[in-house]
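Working notes for the structure below.
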Amino acid sequence: MSYPAPRPAAVLTSRIHMNEPLLTVAEASEFLRVGTGKVYALVAQGLLMHRKIGRRICFRRADLDNFIESAASVPAPVPVPPPSARLLHF
């Protein structure tokens, strides 16, 4: 008696996410509290994981959560004072 070959891990994990609803660009921008233009820019820069279904861009909630976590671990840039504030006045 032969047993069926085991399925690849990618197939198994894709089924886990099958029932997870996908968010639109508008929903993702609302979730991230940024404009839709910023969401498109993050997608274009390759910083935000997404799926394309036809011409539509969709997001998993888990991917948005991961983006927030990764952005939180990056230190904020130190503001540089404008040149007029750096001038020494005697």
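The numbering used here puts the first residue of the sequence shown at 1, with every later residue one more than the last. For each residue, glycine too, the CB sits at the ideal point set by N, CA and C. Because the structure is a prediction, the values reported are computed rather than measured.
- For R51, the enclosing beta strand (DSSP E) begins and ends at 51-53.
- Nearest neighbour of D63 by Cα position, chosen from V80, R33, F31, H50, turns out to be H50.
- P79 has its alpha-carbon roughly 23 Å from the corresponding atom of F67.
- Taking C-beta atoms as the reference points, L42 and F31 fail to come closer than 9 Å.
- For R56, the enclosing beta strand (DSSP E) begins and ends at 56-58.
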